[in-house]
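Below is the structure:
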């Protein structure tokens, strides 16, 4: 056996060391087709690899999302805590600041509206004066219209002078002595026709006066005179109207002063 020479064996056939698993895994030549079992194993391995890679990607995505949500929650919590701290820390100062701002705004509004209030007062006074002026004008117009209508009524009803003379005959106290009744000539004729007896009984004497307008008369005596002319009666109406207007204006001014004092 010691005479065996490996070099001689090598010259006849290639030689390699034997391994135990060589019998279980026969060598497959590259030119032989892949068996169905091998194809199946290869597909299973590829599927397992793809599933593992997908699982790893999902795990990474889940970790990234978790990290993102955590950071967002921490940021929101920080902001909420910061805001709550500000609100709690400055609540008293904020209330005081709001009160000061409110007072400053009210003061500014009052300062801004003060000139407007003065202008409004002047405007109201001007309107009041205008109302008074218009009222006076309307009253004057009404009186003038009434005077014209009264004159027209006397012309249409000249017997009105008879009523006036009857009133004068019953004046209290009666005039003493010789009385003279002065009338417009046209009224003189009318009164003489209807009241001559009564005038004579009262010791009144009729006297014509062409200076008197129709509808009026005068009575004179030793004691004085009664003026019942149309002009004098009209002046009495105007005088009464002015006195009444003056009293109303005085009462109104007193009421306004009292109202201003109460507001102050």
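Residue numbers (my numbering): 22 to 285.
For every residue, glycine included, the Cβ atom is placed at its ideal position computed from N, Cα and C.
No experiment lies behind these values; they were computed from the predicted model shown.
Item	Value
Using only the alpha-carbon positions, how far apart do residue 66 and residue 84 sit?	27 Å
Does the beta-carbon of residue 200 have 16 or more other beta-carbons within 10 angstroms, so that it is buried, or is it exposed?	buried
Between the segment 215 to 222 and the segment 238 to 254, are three or more C-beta pairs nearer than 8 Å?	no
Excluding the five sequence neighbours on either side, which residues of its own chain have a C-beta within less than 8 Å of the C-beta of residue 211, listed in chain order?	179, 180, 182, 183
In terms of residues, what are the limits of the alpha helix (DSSP H) holding residue 208?	206 to 222
Given that a residue counts as buried once 16 or more other Cβ atoms are within 10 Å of its Cβ, and exposed if not, what is residue 32?	Note that residue 32 scores 49 on pLDDT, short of 50, meaning its location in the model is unreliable; the coordinates nonetheless yield the value given after this. That one is exposed.
Might you give, ordered along the chain, the residues of its own chain that have their beta carbon closer than 7 Å to the beta carbon of residue 209, omitting 5 neighbours on each side?	227, 229
Residue 198: buried (16+ other C-beta within 10 angstroms of its C-beta) or exposed?	exposed
Under a three-way DSSP split, which group does residue 272 fall into?	helix
What does the Cβ neighbour count give for residue 59, buried or exposed, with the cut at 16 atoms within 10 Å?	exposed
Along the chain, where does the alpha helix (DSSP H) that runs through residue 235 open and close?	Segment: none, residue 235 is in no alpha helix (DSSP H) and carries neither H nor E.
Which same chain residues, not among the five before or five after residue 268, have their C-beta less than 6 Å away from its C-beta?	none
On the three-state DSSP scale, how would you describe residue 86?	helix
Are residue 249 and residue 185 closer than 8 Å when you measure CB to CB?	yes
Between the alpha carbons of residue 63 and residue 94, how many angstroms are there, rounded?	46 Å
How many angstroms separate the CA atom of residue 287 from the CA atom of residue 91?	Since the first residue shown for the chain is 22 and the last is 285, residue 287 is missing from the structure and cannot be characterised.
Could you check how far apart the C-beta atoms of residue 202 and residue 238 are, in whole angstroms? I think they sit under 8 Å.	6 Å
Drop a sphere of 10 angstroms on the beta-carbon of residue 205, count the other beta-carbons inside from all chains shown, and report buried for 16 or more, exposed for fewer.	buried
Between which two residues does the beta strand (DSSP E) carrying residue 181 extend?	Unbroken run through residue 181 is the alpha helix (DSSP H), 181 to 190; no beta strand (DSSP E).
Have a look at residue 223 and residue 231 and give me their C-alpha separation to the nearest angstrom.	24 Å
Taking the continuous beta strand (DSSP E) assigned at residue 228, which residues delimit it?	225 to 229
Excluding sequence positions up to five away, which residues of its chain have a Cβ less than 7 Å from the Cβ of residue 213?	227
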